[in-house]
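Take the sequence shown: its letters are residues 117 to 564, numbered as in our numbering.
Report on the following structure.
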Amino acid sequence: MTVTDEKTGPAGGRGVVEDLVASGGLDGLFERIDSGEVGLTGADGLLPALLKEALERGLQAELTEHLGYDKGEQAPVARGNARNGTTVKTISSEVGSFEIEVPRDRAGSFTPRLVRKGQRRMDGLDSMIISLYAGGMTVREIRHHLESTLGVELSVGTISRITDAVAEAVLDWQRRPLEEFYPVVYLDAIRVKVRVDHRVTTRSAHIAVGVDMDGIKHVLGIWVQAEEGASFWAHVCAELANRGVKDVLIVCCDGLTGLPEAIEATWPDSMVQTCVVHLIRASMRFVAYQDRKKVAAALKQVYAAPSEEAALEALAAFSSSPLGDKYPETVATWDRAWERFTPFLAFPPMLRRVIYTTNSIESLNYQLRKISKNRGHFPSDEAAVKLLWLAICNIEDKRARERDKDRNLPADKRKAKPRVVEGRITTNWKQALAQLATAYPDRINPHL
117 MTVTDEKTGP
127 AGGRGVVEDL
137 VASGGLDGLF
147 ERIDSGEVGL
157 TGADGLLPAL
167 LKEALERGLQ
177 AELTEHLGYD
187 KGEQAPVARG
197 NARNGTTVKT
207 ISSEVGSFEI
217 EVPRDRAGSF
227 TPRLVRKGQR
237 RMDGLDSMII
247 SLYAGGMTVR
257 EIRHHLESTL
267 GVELSVGTIS
277 RITDAVAEAV
287 LDWQRRPLEE
297 FYPVVYLDAI
307 RVKVRVDHRV
317 TTRSAHIAVG
327 VDMDGIKHVL
337 GIWVQAEEGA
347 SFWAHVCAEL
357 ANRGVKDVLI
367 VCCDGLTGLP
377 EAIEATWPDS
387 MVQTCVVHLI
397 RASMRFVAYQ
407 DRKKVAAALK
417 QVYAAPSEEA
427 ALEALAAFSS
437 SPLGDKYPET
447 VATWDRAWER
457 FTPFLAFPPM
467 LRRVIYTTNS
477 IESLNYQLRK
487 ISKNRGHFPS
497 DEAAVKLLWL
507 AICNIEDKRA
517 RERDKDRNLP
527 ADKRKAKPRV
537 VEGRITTNWK
547 QALAQLATAY
557 PDRINPHL
């Protein structure tokens with residue numbers, strides 16, 4: 117929110133600029149910019165020049181504070197230390213590269229804070245590079261982008277080291293302790309391309325999302341493996357348990373053979389719910405386009421039924437209908453998944469909406485697929501995990517900035533999107549939690 121003063125208007129740099137614009141003090145500069153005589157970024161740009169002057173002024177102020185006397189004054193003899201010229205250093209920044217003169221002292225005891233010793237890049241440039249990488253650009257694409265837009269020349273190796281610097285943070289995130297109890301956990305996977313032994317192969321990025329007692333969703337981890345198999349999901353569940361997850365009420369997942377058994381091997385009391393959306397998609401593969409709306413309407417009578425008996429009657433009615441005769445494999449898909457599909461039918465509507473689909477991950481997966489498609493392929497499994505984690509952070513940060521801009525607007529004019537997954541509150545969670553507490557009092561109440 118903009119800070120405002122009754123007399124001077126908006127405070128800070130914005131207010132200064134507005135005063136200069138109103139007084140006509142920037143008219144000459146704007147004319148030179150419009151004519152192309154002065155550029156904004158790049159080695160000879162206006163913004164790097166302003167940043168250079170600001171940094172050099174700040175460094176001189178730091179040295180004055182360190183020595184105890186201003187530049188141009190005679191050094192006090194008693195102090196035994198004095199200014200000793202400057203060292204030229206090239207700095208790369210998000211507005212371009214430029215040279216600065218870093219002041220020195222004779223004793224060598226001056227340690228600048230504004231531009232640290234050994235620092236060659238402004239912190240904002242590193243953040244920009246990581247953001248571009250999280251958006252799906254390769255290190256070579258980032259190098260070309262920085263050179264062509266900002267005039268900043270960085271080697272591929274330097275950019276790689278900047279992005280690799282987050283690898284430790286990714287590892288810490290992937291190994292962080294988790295809560296003991298999650299009412300709901302969603303499991304799903306997306307396909308990504310990874311270079312293995314000089315060949316590009318398709319692998320599965322497994323993603324787990326947990327809903328805590330406050331209804332807040334958290335990405336629990338990302339794992340990349342050659343195939344989306346039940347045995348690897350068993351490894352994922354075991355790792356989550358090793359990180360502290362002792363109990364999960366409901367695990368919502370796709371209909372992968374052997375996956376329910378893998379989940380129950382880790383959390384024996386968990387209810388495994390097949391994602392209805394996955395089930396609908398699987399059964400609609402056999403349906404011709406012109407019949408899809410009719411089949412979808414018939415299947416809705418099954419998964420929206422008030423009880424398992426009513427659902428079975430609706431499936432039998434569809435099976436005996438002309439559409440059922442035309443698409444027997446659609447009926448067979450529901451028959452095979454029936455045991456794992458029906459558990460949620462025992463719950464009231466609010467709780468059904470929470471557990472009947474992995475849409476919480478689906479919306480995230482949609483965003484991640486776009487980024488991985490732009491990226492092409494990854495050099496390793498670790499690189500895939502790193503980018504996917506960065507992409508999640510980048511997406512959530514971007515949406516948070518958009519929401520912050522809309523905060524003071526009327527509700528009907530806000531266009532910013534909500535959180536994708538991380539930190540998002542589950543819709544109607546209070547009612548769903550109350551229904552869970554009624555169904556599982558012994559397991560819920562100790563955590564309330």
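C-beta: ideal position from N, C-alpha, C; glycine also.
Per-residue DSSP class, three states only, for residue i
i, result
"Leu506", "helix"
"His493", "coil"
"Glu217", "strand"
"Arg559", "helix"
"Lys514", "helix"
"Thr390", "strand"
"Phe226", "coil"
"His314", "coil"
"Lys233", "coil"
"Leu287", "helix"
"Lys187", "coil"
"Gly131", "helix"
"Ala421", "coil"
"Ser436", "coil"
"Val335", "strand"
"Gly240", "helix"
"Val255", "helix"
Assumed close pair residue i, residue j - CB separation to whole angstroms, cut-off 8 Å
i, j, result
"Arg535", "Glu518", "Between Glu518 and Arg535 the Cβ distance is about 11 Å, and since that is not below 8 Å, they are no contact."
"Leu461", "Leu552", "Their Cβ separation, rounded to whole angstroms, is 15 Å, which puts Leu461 and Leu552 out of contact at 8 Å."
"Leu504", "Ile379", "Incorrect: roughly 22 Å between the Cβ atoms, too far for contact."
"Asn510", "Ser243", "Not really, about 11 Å apart at Cβ, beyond 8 Å."
"Val340", "Val501", "6 Å"
"Asp363", "Asp385", "7 Å"
"Ala507", "Leu525", "Ala507 to Leu525, Cβ: 28 Å. No contact."
"Leu171", "Leu230", "6 Å"
"Val418", "Ala404", "That pair is no contact at about 20 Å."
Residue i: first and last residue of the uninterrupted alpha helix (DSSP H) it sits in
i, result
"Met466", "Pro465 to Ile471"
"Val455", "Looking at the sequence provided, one finds Glu at residue 455 rather than Val. Here the alpha helix (DSSP H) through Glu455 covers Pro444 to Phe457."
"Gly174", "Leu162 to Leu183"
"Ser349", "First, the residue type needs correcting, since residue 349 is Trp and not Ser in the sequence shown. Note, Trp349: alpha helix (DSSP H), Ala346 to Asn358."
"Val272", "Val272 to Asp280"
"Ala378", "Leu375 to Thr382"
"Phe146", "Asp143 to Asp150"
Strand pairing of residue i, partner residues [DSSP]
i, result
"Thr202", "Pro219"
"Gln341", "Ser320"
"Phe297", "Asp363"
"Ala305", "His322"
"Gly212", "Ser209"
"Thr541", "Per the sequence shown, the amino acid found at residue 541 is Ile instead of Thr. Ile541 pairs with Ile332."
"Val327", "Val300 and Lys333"
Do the stretch 303-311 and the stretch 320-334 meet, that is, are 3 or more Cβ pairs less than 8 Å apart?
-> As far as the Cβ criterion goes, the stretch 303-311 touches the stretch 320-334, which means the pair count is three or higher.
Is the stretch 453-462 close to the stretch 265-283, with three or more CB pairs under 8 Å?
-> No: the two stretches stay apart, fewer than three of their Cβ pairs being nearer than 8 Å.
Using 8 Å as the threshold, is the stretch 440-455 in touch with the stretch 391-406, meaning 3 or more CB pairs across them?
-> These segments touch.
Three or more C-beta pairs closer than 8 Å, one from the stretch 205-218 and one from the stretch 265-276: is that the case here?
-> Contact holds: three or more Cβ-Cβ distances are below 8 Å.
On the three-pair Cβ rule with 8 Å, is the stretch 290-297 touching the stretch 172-189?
-> They do not touch, by the three-pair rule.
Taking three-plus beta-carbon pairs below 8 Å as touching, is the stretch 404-414 in contact with the stretch 431-445?
-> The stretch 404-414 makes contact with the stretch 431-445, as at least three CB pairs between them are under 8 Å.
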